[in-house]
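Numbering (our numbering), first residue to last: 3 to 804.
Heads up, the thing below is written out as structure tokens.
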Amino acid sequence: MEFVLLIFLPIAAALFIPSLYRSVKGIHTGWFVLFIPVLLFLYYTTFIGTTMDGGHAVSELQWIPSLGISIVSYLDGLSLLFSLLITGIGALVVLYSIFYLDKTREKLGNFYVYLLIFMSAMLGVVQSDNVISLYLFWELTSISSFLLIGYWYTRDRSRFGALKSMMITVFGGLMMLGGFILLGIMGGSFSIRELIAQSSTFVGHEFFTLALVLILLGAFTKSAQFPFYIWLPDAMEAPTPVSAYLHSATMVKAGLYVVARFTPIFAASEVWIWLVTGIGLLTLFWGSFFAVKQTDLKAILAFSTVSQLGLIMSLLGAGAITFHSNEKMFTFAMFAAIFHLINHATFKGSLFMIAGIVDHETGTRDIRKLGGLMSIMPISFTVAFIGSMSMAGVPPFNGFLSKEMFLTAMLAIGNFEMFNFDTWGILFPIVAWIASVFTFIYSCYFVFRTFAGKRKDEPLPVQPHEAPIGMLVSPMILASLVVTIFFIPNLVGKWLVKPAVTAIQPYQYSHPSEVAIHVSAWHGFDAPELWMTVAVILIGALLYLSLAQWQKFYAVQPNYLTLNALYDSTMLFSEKGMNRISRLYMTGLIRSYLIYTFAFLSILTIVVLFMKDAFVVDMDSFSDISTYGVINAIILLLAVAFVLLSKTRLSAIISLGAVGYSVALFFVIFKAPDLALTQLVIETISVALFLLAFQHLPKLSDHGETKPNKLLNAIIALGVGVTVTLVALSAHSTKLVDSISQYYKDTVKTEAGGGNIVNVILVDYRGFDTLFEIAVLAIAGFGIFSMIKLRLARKENTDENK
Numbered sequence: 003m004e005f006v007l008l009i010f011l012p013i014a015a016a017l018f019i020p021s022l023y024r025s026v027k028g029i030h031t032g033w034f035v036l037f038i039p040v041l042l043f044l045y046y047t048t049f050i051g052t053t054m055d056g057g058h059a060v061s062e063l064q065w066i067p068s069l070g071i072s073i074v075s076y077l078d079g080l081s082l083l084f085s086l087l088i089t090g091i092g093a094l095v096v097l098y099s100i101f102y103l104d105k106t107r108e109k110l111g112n113f114y115v116y117l118l119i120f121m122s123a124m125l126g127v128v129q130s131d132n133v134i135s136l137y138l139f140w141e142l143t144s145i146s147s148f149l150l151i152g153y154w155y156t157r158d159r160s161r162f163g164a165l166k167s168m169m170i171t172v173f174g175g176l177m178m179l180g181g182f183i184l185l186g187i188m189g190g191s192f193s194i195r196e197l198i199a200q201s202s203t204f205v206g207h208e209f210f211t212l213a214l215v216l217i218l219l220g221a222f223t224k225s226a227q228f229p230f231y232i233w234l235p236d237a238m239e240a241p242t243p244v245s246a247y248l249h250s251a252t253m254v255k256a257g258l259y260v261v262a263r264f265t266p267i268f269a270a271s272e273v274w275i276w277l278v279t280g281i282g283l284l285t286l287f288w289g290s291f292f293a294v295k296q297t298d299l300k301a302i303l304a305f306s307t308v309s310q311l312g313l314i315m316s317l318l319g320a321g322a323i324t325f326h327s328n329e330k331m332f333t334f335a336m337f338a339a340i341f342h343l344i345n346h347a348t349f350k351g352s353l354f355m356i357a358g359i360v361d362h363e364t365g366t367r368d369i370r371k372l373g374g375l376m377s378i379m380p381i382s383f384t385v386a387f388i389g390s391m392s393m394a395g396v397p398p399f400n401g402f403l404s405k406e407m408f409l410t411a412m413l414a415i416g417n418f419e420m421f422n423f424d425t426w427g428i429l430f431p432i433v434a435w436i437a438s439v440f441t442f443i444y445s446c447y448f449v450f451r452t453f454a455g456k457r458k459d460e461p462l463p464v465q466p467h468e469a470p471i472g473m474l475v476s477p478m479i480l481a482s483l484v485v486t487i488f489f490i491p492n493l494v495g496k497w498l499v500k501p502a503v504t505a506i507q508p509y510q511y512s513h514p515s516e517v518a519i520h521v522s523a524w525h526g527f528d529a530p531e532l533w534m535t536v537a538v539i540l541i542g543a544l545l546y547l548s549l550a551q552w553q554k555f556y557a558v559q560p561n562y563l564t565l566n567a568l569y570d571s572t573m574l575f576s577e578k579g580m581n582r583i584s585r586l587y588m589t590g591l592i593r594s595y596l597i598y599t600f601a602f603l604s605i606l607t608i609v610v611l612f613m614k615d616a617f618v619v620d621m622d623s624f625s626d627i628s629t630y631g632v633i634n635a636i637i638l639l640l641a642v643a644f645v646l647l648s649k650t651r652l653s654a655i656i657s658l659g660a661v662g663y664s665v666a667l668f669f670v671i672f673k674a675p676d677l678a679l680t681q682l683v684i685e686t687i688s689v690a691l692f693l694l695a696f697q698h699l700p701k702l703s704d705h706g707e708t709k710p711n712k713l714l715n716a717i718i719a720l721g722v723g724v725t726v727t728l729v730a731l732s733a734h735s736t737k738l739v740d741s742i743s744q745y746y747k748d749t750v751k752t753e754a755g756g757g758n759i760v761n762v763i764l765v766d767y768r769g770f771d772t773l774f775e776i777a778v779l780a781i782a783g784f785g786i787f788s789m790i791k792l793r794l795a796r797k798e799n800t801d802e803n804k
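Now the structure itself:
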């Protein structure tokens, strides 16, 4: 079996979830869902040996081969790492949700369908070798996350957060699509592997920088980088299992994946290194600084996620310097980025789950109402302490190791003598250190304000108690990984991190064993990062203890000067402004809309004809006008006149039918019986439909026409007629390519086995087009039928009430 199909396994399973939810009442639906990520995780672990040996696996599913578009599952060290995170964390989240979501009160059928769709979308993103299929899955993550964030759709904040996340991430996705198309133009291929192989030829291309910026816009919006991070805190309105999955291990990591995957293509650019490193550090500082301001547990974690994503992003930018320098330190930065990505998934996933447990067992997430829960919820406190201290970068937890590596990498940037890093690079370790101080503060803020101290006098909505063991299993597993990785970092590095680094830096390393990096918790007393960490802990502890004295300074910034306020005002202005504009032309009259459409098309077409000097008329090949043609033209004009002058609906319908039949006679005169037959059939059906709906048609005297309106209609009609005539004459006289009609004549029998060219075109050559037209008509028919039934039902209810 082609393992590319496994990407779609969660979606395939989602098809059966609604029926399982409805039919099996005694068992939580999550138990049926759980085996999907577990099986996928176990399957993907079998590829670890392949990637450790520097190999990869490829599986392809043809999609649109004529355009070079296919769904290719490419498993190398980088994509395998993300696949393991998606399925492994996914399994723990599903297990957690079984005990977190009540099977009697929640619509679990919807929840797990959305979750499984999202899982497939993420697997597609990280495994796609084709940029177009990558974009397809990318937008599917936006749609499925929109559904997950808005799962509690009756809540205003849930709907607002879902819409906000989709607006920002879809905007970034569209920008990224533009970058992918430009890459395809530059490289003549949509394959990421092929683009990487010829990336050295892209640097001087006119589209190179534009493609770079567009792709980064997509990555920055999805990974919540400044200033696009504002969607992430509002996404916390989703159920906690969603937050633990989307916003710690999967969705927000998609942007990091794209940056890592496309680093071999764009790392040659100074713009790439500065943007990725600079925006990452700015996001790190911004998120850590404002995390201390929050009072909601999940809001604290949301801003902490923003800061941690910025940390990883800055390391990816520093690691890209490897393409310009042989210094081992910059490969060290790339290694640190991947290592911290794993660490972040473990400690942040556990912390989100603990925040959900606190909310579930106390009825609130407001940190101002919490405190003193340590003795009541000792297991939850232990997990929260481990996760928080790892996030703060304190030993003996895995976050300490990758945080030390981060500080080392930031110190090394100042020694890079290209792109002005030797001048401005001094700011990087300073910003990194300040952000680390605030990271320590918000980590302590989260765990100690919730679990330490005295209980508040105000009673909580729910009597606090420890969570059931089923809800604690998943965060306990993640917390145990936090501690375990600290003691075996090089085993994780050998299995997962080095193969991923090799995939990101294929020009530097052909085998993971060549990445000679050894992770150690101790670097000696002369290591500057040691004293930076000591200073972080000391100053961070002092600032935390004095938090009550300086936290009030956050109130100095007015709400209207925030990025959220800017987003809200922009959306409000767009809504009101567009509403005012739309009211100017949305009159409710079909006649007005037809006037706009025909006037615009006529003016645009005539302007283009003038600009292209296309008013060329060649009458040499015109057919002779026969007596029958003149007579039929007179009949046609008289029929049109009767339509305009008719006083009754019946005469107007008959005259309109005469117009259609006259056109059919023209096809007969010019020896096109197939077109004539088609025209006669359509015209007969049209007249019959008009007569069937005869009693529902409005009276001709009720359409409100005035003399100015009639004059305008005449001008528009004359303009459309002149435009169509000019286009027809110009197209006939200035043929840029040979007519396709001869191809149809030659192949209608041999290729399609038909005799009527029009029918063959509709059924064979344009078969999909016709199929979709039929589908549209069918949908319209169902819609009209539904509205008629609804109208009749309302009328019956009204009559009964009377």
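A virtual CB, placed ideally from N, CA and C, is assigned to each residue, including glycine.
Of the candidates 630, 13 and 231, 231 places its Cα closest to the Cα of residue 306.
For the set 638, 299, 697 and 525, the Cα lying nearest the Cα of residue 402 is the one of 525. Inter-segment contact for the segment 368-380 and the segment 440-458 is present: three or more beta-carbon pairs are separated by less than 8 angstroms. Rounded to the nearest angstrom, the gap between the Cα atoms of residue 410 and residue 530 is 8 angstroms. Annotated three-state conformation of residue 251 is coil, per DSSP. When the alpha-carbon of residue 474 is set against those of 379, 630, 226 and 81, the nearest one is in 379. Under the three-state reduction of DSSP output, residue 65 falls in the strand class. Residue 146: not part of any beta strand (DSSP E); member of the alpha helix (DSSP H) spanning 133-151, first to last residue. A distance below 7 angstroms between beta-carbons, with the five flanking residues on each side excluded, links residue 13 to the following residues of its chain, in chain order: 118, 119 and 122.
Annotation: the continuous alpha helix (DSSP H) that includes residue 661 extends over 651-671. Residue pairing by DSSP places residue 59 opposite 77 in a beta bridge.
Pairing residue 43 with residue 98, the inter-Cα distance amounts to about 17 angstroms. Residue 479 carries a helical assignment under DSSP once its states are collapsed to helix, strand and coil. Annotation for residue 791: no residue places its beta carbon closer than 6 angstroms to its own, counting only its chain and skipping 5 residues before and after. Between the C-alpha atoms of residue 550 and residue 190 there is a straight-line separation of about 60 angstroms.
Put simply, the backbone Cα of residue 536 is about 54 angstroms away from that of residue 28. With 16 or more other Cβ atoms inside 10 Å of its own Cβ, residue 239 counts as buried. For residue 298, the three-state secondary structure derived from DSSP is strand. Within its own chain, the residues whose Cβ lies closer than 8 angstroms to the Cβ of residue 24, once the five positions on either side in sequence are excluded, are 111, listed in chain order. For residue 357, same chain residues with a beta-carbon under 7 angstroms away, outside a window of 5 residues either side, are 242, 299, 300, 303 and 367 in chain order. As a beta-bridge residue in DSSP terms, residue 130 pairs with 75.
Taking a 10 Å sphere around the C-beta of residue 582, we find fewer than 16 other C-beta atoms and assign the residue as exposed. Secondary structure within the segment 409-469: the alpha helix (DSSP H) runs of 4 or more consecutive residues, fully enclosed, are 423-426 and 429-453 (chain order). The beta carbon of residue 264 sits closer than 7 angstroms to the beta carbons of 217 from its chain, once the five residues preceding and following it are set aside; these are given in chain order.
Between the segment 465-482 and the segment 558-574 there are fewer than three C-beta pairs closer than 8 angstroms, too few to call the two in contact. Only buried fits residue 480, as 16 or more other CB atoms lie within 10 angstroms of its CB.
Just measuring C-alpha positions, the residue of 743, 612 and 292 sitting nearest residue 556 is 292.
Between residue 729 and residue 720, the alpha-carbon positions lie close to 14 angstroms from each other.
With respect to the 8 angstroms criterion, residue 187 and residue 209 are classified as neighbours on the basis of their beta carbons.
Shortest Cα-Cα distance from residue 256 to any of 77, 439 and 127 involves 127. Exposed is the label assigned to residue 33, since fewer than 16 other Cβ atoms lie within 10 Å of its Cβ. Secondary structure note for residue 613: its alpha helix (DSSP H) is the uninterrupted segment 592-613.
By the criterion of a C-beta distance shorter than 6 angstroms, residue 423 is surrounded in its chain by 415, once the five residues flanking it on both sides are discounted. Membership of residue 557 in any alpha helix (DSSP H) is not indicated, and neither H nor E is assigned to it by DSSP.
Judged by DSSP in its simplified three-state form, residue 548 adopts coil rather than helix or strand.
Runs of the alpha helix (DSSP H) spanning 4 or more residues and lying entirely within the segment 193-241 occur at 194-199, 210-224 and 233-236, in chain order.
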